[in-house]
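**Student:**
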Amino acid sequence: MGMPQRIAVPATLILKNARVWTVDPRLPQAQAVAIRGNTVAAVGRDEEMEPLIGPGTRVLDLRGQLLLPGFHDAHTHWVWALLREWGGFSLYGVRTVPEAQRIVAAFAREHPDADWLLGSRWDANRFQGGHWPTRADLDAVVPDRPVAIRDLDGHSAWVNSAALRRLGYHRDAPDPPGGRIVRDADGEPTGILLENAHEALPSPPVPPPERFRALLREGAAALNRLGLTSLCNNGLPPGGFEEIVRLAEEGGLTVRLSEWPSLEALEEAQAMRRRVRESEHVRVVGLKAMLDGVFSAHTAWMLEPYADAPGNTGFPLIDPETLFLQALRADAAGFQVILHTIGDRAVREALNLLARVQERNGRRDSRHRLEHIERAHPDDLPRFARMGVIASMMPQHATSHVEDYVRSRLGEARSATAYPWRALLEQGAHLCFGSDWPAIDLVAPNPLEQLYVAVTRATGPDHRGAPWHAEQALSAAEAIRCYTLEGAYAEFTEDRKGSITPGKLADLCVLSQDILEPPPERILEAEVTLTVFDGEVVYRKE
Numbered sequence: 057m058g059m060p061q062r063i064a065v066p067a068t069l070i071l072k073n074a075r076v077w078t079v080d081p082r083l084p085q086a087q088a089v090a091i092r093g094n095t096v097a098a099v100g101r102d103e104e105m106e107p108l109i110g111p112g113t114r115v116l117d118l119r120g121q122l123l124l125p126g127f128h129d130a131h132t133h134w135v136w137a138l139l140r141e142w143g144g145f146s147l148y149g150v151r152t153v154p155e156a157q158r159i160v161a162a163f164a165r166e167h168p169d170a171d172w173l174l175g176s177r178w179d180a181n182r183f184q185g186g187h188w189p190t191r192a193d194l195d196a197v198v199p200d201r202p203v204a205i206r207d208l209d210g211h212s213a214w215v216n217s218a219a220l221r222r223l224g225y226h227r228d229a230p231d232p233p234g235g236r237i238v239r240d241a242d243g244e245p246t247g248i249l250l251e252n253a254h255e256a257l258p259s260p261p262v263p264p265p266e267r268f269r270a271l272l273r274e275g276a277a278a279l280n281r282l283g284l285t286s287l288c289n290n291g292l293p294p295g296g297f298e299e300i301v302r303l304a305e306e307g308g309l310t311v312r313l314s315e316w317p318s319l320e321a322l323e324e325a326q327a328m329r330r331r332v333r334e335s336e337h338v339r340v341v342g343l344k345a346m347l348d349g350v351f352s353a354h355t356a357w358m359l360e361p362y363a364d365a366p367g368n369t370g371f372p373l374i375d376p377e378t379l380f381l382q383a384l385r386a387d388a389a390g391f392q393v394i395l396h397t398i399g400d401r402a403v404r405e406a407l408n409l410l411a412r413v414q415e416r417n418g419r420r421d422s423r424h425r426l427e428h429i430e431r432a433h434p435d436d437l438p439r440f441a442r443m444g445v446i447a448s449m450m451p452q453h454a455t456s457h458v459e460d461y462v463r464s465r466l467g468e469a470r471s472a473t474a475y476p477w478r479a480l481l482e483q484g485a486h487l488c489f490g491s492d493w494p495a496i497d498l499v500a501p502n503p504l505e506q507l508y509v510a511v512t513r514a515t516g517p518d519h520r521g522a523p524w525h526a527e528q529a530l531s532a533a534e535a536i537r538c539y540t541l542e543g544a545y546a547e548f549t550e551d552r553k554g555s556i557t558p559g560k561l562a563d564l565c566v567l568s569q570d571i572l573e574p575p576p577e578r579i580l581e582a583e584v585t586l587t588v589f590d591g592e593v594v595y596r597k598e
């Protein structure tokens, strides 16, 4: 395995007697890792670490457990998840109108002075057998104050009549650009708002700075318990970025965070980037925009009509030419462009748009990203590698709603080429994985659940259903790489993290099971027993 790098100062932490899976092809496996300060000092055999043990060195015997790089969640809305749970109510797991009404009524009683009653995480696809509720259901318990409940994936909202009045939505009101007001047979709004139609809703209340910092610390600790040490985040409250940066500077943030400002907010993003230019804890490298919606609401933009909605191909949420001009400016300013693309028309239009950007601004190592790519036309898959565009995908999106709506929306022929992880890798594309939490049917953004789905394509919310197009599944090693090194590559930090390599940041996690060995059920059985962030043990299972 080779002798460790010689250092003048002893290691501060040594992890020995482990199965080390480095995600570094130059030394894929080892037995021990030495850490000095916040970086990996050496990787090798147990006995090779002995010269690095000094009076102050902490030595942990991992008893044969699996040691991996810290997990990197490449797509989250983590901060909004913290805020929504703080300042509103959740309908996660609620399946019926009476259950929802009890929660809404209780929240209204507990907050008599709230102007808006805001909720989140109701799942339209598992609610009343997949039928949309109505404003009347909410009016029955709160008739006098506006109620708005964003759904699990954030692409629709359920509101009452008071909210519709406040928004100015009525029988004669037009649909806003990129949005749709669902109406009944008489043309009256039903209380369901799709895509940009609910953008005018107020954001969750922002807690005082000290409480916000406490939420961040608690939230980061929860991520550490899952083995997560890095994440990409989209969405912050006013003043939230500065609070995050200050907390990181004080050593209180135990995850590395890459924030995605809006693609249309270029000047603000430039100021944010300057603020953290020297930071290894908070980064701003990419700007995000939404090109289309989601399969569940028939708002993902498709090349051909939905199998269960003849004539409906979804729609773009923004004028493609406007999006091109925004992307052109961002690319010229050195930013990565990050585009939400779920339907195959959205994927194609996004690739066309980015090709035009490359033609106008010149080709560079831009690493632009498409998020989700739940269905791409097979002809478009080779373009990712050819253009250097990263495919950023969420494994559980592929399987948790197959029977709820994916199969019915796409039909069998298109379903066979949906969520094409294996095909993208075989075409030479860079593929990274994330959770999209909380816009997914998960209690927490657990990487192990995502890895299990990536390896098995097992369907259903409990991952116990039959594999769905298992030919697109990955090996455990490939899936781990997508959740570590490829996440780092996707934010230009593969030289600093993502693998256990001397000189890189010491962000690591330990699993109780060797998930690289069959059967794949080991992945679900595994527990995170230790997490190291910036060279410090930030979580240890007792």
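Using our numbering, the letters of the sequence shown map in sequence onto residues 57 to 598. Quick reminder that beta carbons are idealized off the backbone N, C-alpha and C, glycines included. No experiment lies behind these values; they were computed from the predicted model shown.
(1) Ends of the alpha helix (DSSP H) at residue 508?
(2) Is the segment 180-192 in contact with the segment 212-229, if contact means three or more CB pairs nearer than 8 Å?
(3) Give the list of continuous alpha helix (DSSP H) stretches no shorter than 4 residues that lie fully inside the segment 376-409.
(4) With distances taken Cα to Cα, identify the nearest neighbour of residue 525 among 475, 202, 257.
(5) Cutting at 7 Å between CB atoms, please list the residues of its own chain near residue 331, excluding the five before and the five after it.
(6) Are the Cβ atoms of residue 538 and residue 487 separated by less than 7 Å?
(7) According to DSSP, is residue 89 part of a helix, a strand, or is it coil?
(8) So, using beta-carbon positions, are residue 44 and residue 190 closer together than 7 Å?
(9) Does the beta-carbon of residue 372 have 16 or more other beta-carbons within 10 angstroms, so that it is buried, or is it exposed?
(10) Going by the CB atoms, is the gap between residue 452 and residue 506 shorter than 7 Å?
(11) Whole beta strand (DSSP E) runs in the segment 327-378 with 3 or more residues, listed along the chain?
(12) Would you mind reading off the limits of the alpha helix (DSSP H) that contains residue 280?
(13) Kindly identify the DSSP beta-bridge partner or partners of residue 474.
(14) If contact is defined by three or more beta carbon pairs under 8 Å, each pair taking one atom from either stretch, is the segment 500-518 in contact with the segment 390-407?
(15) Tell me the DSSP bridge mates of residue 457?
(16) Count the other C-beta atoms from every protein chain shown that fall within 10 angstroms of the C-beta of residue 241, then say buried if there are 16 or more, exposed otherwise.
(17) In the DSSP assignment, the alpha helix (DSSP H) including residue 143 goes from what residue to what residue?
(18) Hey, which unbroken runs of the beta strand (DSSP E) at 3 residues or more fall wholly within the segment 207-244?
(19) Is DSSP giving residue 450 helix, strand or coil here?
(20) Who are the near neighbours of residue 57 in its chain, counting only those whose CB is closer than 7 Å to its CB and skipping five residues on each side?
(21) Please state whether the Cβ-Cβ distance between residue 669 and residue 79 is less than 7 Å.
(22) Enumerate in chain order the residues of its own chain whose CB-to-CB distance from residue 61 is below 7 Å, with the five nearest sequence positions on each side excluded.
(23) Between which two residues does the alpha helix (DSSP H) carrying residue 104 extend?
(24) Taking only the alpha-carbon atoms, compute the straight-line gap between residue 228 and residue 318 and give it to the nearest angstrom.
(25) Would you identify the three-state DSSP class for residue 83, choosing helix, strand or coil?
(26) When the distance is taken between beta carbons, is residue 108 closer than 7 Å to residue 88?
(27) Judging by CA-CA distance, which residue of 354, 305, 115, 95 is the nearest neighbour of residue 103?
(28) Along the chain, where does the alpha helix (DSSP H) containing residue 438 start, and where does it finish?
(29) Just how far apart, CA to CA, sit residue 136 and residue 206?
(30) Tell me where the beta strand (DSSP E) around residue 312 begins and ends.
(31) Where do the ends of the beta strand (DSSP E) carrying residue 125 lie?
(32) Does the beta-carbon of residue 544 have 16 or more other beta-carbons within 10 angstroms, so that it is buried, or is it exposed?
(33) Contact check, residue 128 vs residue 540 under 8 Å by CB: the rounded distance?
(34) Hey, residue 250 and residue 355: beta-carbon distance below 7 Å or not?
(35) Excluding the five sequence neighbours on either side, which residues of its own chain have a C-beta within less than 7 Å of the C-beta of residue 216, listed in chain order?
(36) Which stretch, first to last residue, makes up the beta strand (DSSP E) that contains residue 596?
**Tutor:** With the structure as the only source:
(1) In the sequence shown, residue 508 corresponds to position 452, counting from 1. Start and end: 503-512.
(2) Counting Cβ pairs under 8 Å, three or more are found: they touch.
(3) 376-388, all fully within the segment 376-409.
(4) Mapped onto the sequence shown, residue 525 falls at position 469. Across the set 475, 202, 257, the C-alpha of 475 shows the shortest separation from the C-alpha of residue 525.
(5) As a working mapping, residue 331 is identified with position 275 in the sequence shown. Cβ within range, chain order: 301.
(6) Here residue 538 corresponds to residue number 482 of the sequence shown, with the count starting at 1. Here residue 487 corresponds to residue number 431 of the sequence shown, with the count starting at 1. Yes, the Cβ-Cβ distance between residue 538 and residue 487 is below 7 Å.
(7) Taking the sequence shown and counting its residues from 1, one reaches residue 89 at position 33. Look at residue 89 here: in three-state DSSP terms it is strand.
(8) This structure gives no information on residue 44, because the portion of the chain shown stretches from 57 to 598.
(9) Your numbering for residue 372 matches position 316 in the sequence shown. Its Cβ being crowded by 16 or more others within 10 Å, residue 372 is buried.
(10) By 1-based counting over the sequence shown, the position of residue 506 is 450. By 1-based counting over the sequence shown, the position of residue 452 is 396. Annotated as proximal: residue 506 and residue 452, with beta-carbon spacing under 7 Å.
(11) Residue ranges of uninterrupted beta strand (DSSP E) with 3 or more members, entirely inside the segment 327-378 and ordered along the chain, are 342-346.
(12) Indexing the sequence shown from 1 puts residue 280 at position 224. Unbroken alpha helix (DSSP H) run through residue 280: 265-280.
(13) To locate residue 474, count along the sequence shown from 1; it is residue 418. Assignment of beta-bridge partners to residue 474 by DSSP yields 431.
(14) Too few Cβ pairs lie closer than 8 Å, so no.
(15) To locate residue 457, count along the sequence shown from 1; it is residue 401. In DSSP, residue 457 forms no bridge with anything.
(16) Sequence index remark: in the sequence shown, residue 241 carries index 185 (1-based). By the neighbour-count rule (16 or more Cβ atoms within 10 Å), residue 241 is not buried but exposed.
(17) On the sequence shown, position 87 is the one that residue 143 refers to. That run of the alpha helix (DSSP H) goes 134-143.
(18) If we require 3 residues or more, the beta strand (DSSP E) runs fully inside the segment 207-244 come out as 212-215, 235-239.
(19) As a working note, residue 450 is residue 394 in the sequence shown. Taken through DSSP and simplified to helix, strand or coil, residue 450 comes out as coil.
(20) The residue labelled residue 57 in the question sits at position 1 within the sequence shown. Bear in mind that a pLDDT of 48 at residue 57, under 50, signals an unreliable position, so the model cannot answer this.
(21) Residue 669 is absent from the structure shown; the chain starts at 57 and stops at 598.
(22) The residue you call residue 61 lines up with position 5 of the sequence shown. Residue placement at residue 61 cannot be trusted, given a pLDDT of 49 that sits under 50; what the coordinates show is reported in the next sentence. Around residue 61: 97, 98, 558.
(23) Stepping through the sequence shown from its first residue, residue 104 is reached at position 48. Start and end: 102-105.
(24) Mapped onto the sequence shown, residue 228 falls at position 172. Mapped onto the sequence shown, residue 318 falls at position 262. Here the alpha carbon of residue 228 sits roughly 31 Å from the alpha carbon of residue 318.
(25) Here residue 83 is taken as the residue at index 27 of the sequence shown, counted from 1. If DSSP states are grouped into helix, strand and coil, residue 83 belongs with coil.
(26) Within the sequence shown, numbered from 1, the residue matching residue 88 stands at position 32. Within the sequence shown, numbered from 1, the residue matching residue 108 stands at position 52. Not closer than 7 Å, so no.
(27) In the sequence shown, counting from the first residue as 1, residue 103 sits at position 47. Comparing Cα positions, the closest option is 115.
(28) Here residue 438 refers to the residue found at position 382 of the sequence shown. In the DSSP annotation of this structure, the continuous segment of the alpha helix (DSSP H) that includes residue 438 starts and ends at 437-443.
(29) If you number the sequence shown from 1, residue 136 lands on position 80. If you number the sequence shown from 1, residue 206 lands on position 150. The straight-line gap from Cα to Cα measures roughly 12 Å.
(30) Reading the sequence shown from its first residue, position 256 is the one you call residue 312. For residue 312, the enclosing beta strand (DSSP E) stretches over residues 312-315.
(31) What you label residue 125 is simply residue 69 of the sequence shown in a count that begins at 1. Bounds of the beta strand (DSSP E) holding residue 125 are 122-125.
(32) The residue given as residue 544 occupies position 488 in the sequence shown. Buried, by the Cβ-count rule.
(33) Here residue 128 refers to the residue found at position 72 when the sequence shown is read from its first residue. Here residue 540 refers to the residue found at position 484 when the sequence shown is read from its first residue. Contact between residue 128 and residue 540 holds, with the beta-carbon distance rounding to 6 Å and staying under 8 Å.
(34) If you number the sequence shown from 1, residue 250 lands on position 194. If you number the sequence shown from 1, residue 355 lands on position 299. It is a contact, given that the beta carbons lie within the stated cut-off.
(35) Within the sequence shown, residue 216 is the residue found at index 160, counting from 1. Here the set comprises 191, 194, 195, 198, 202, 203, 247.
(36) Start at 1 with the first residue of the sequence shown, and residue 596 comes out as number 540. Taken as a continuous stretch (DSSP letters only), the beta strand (DSSP E) holding residue 596 covers 592-596.
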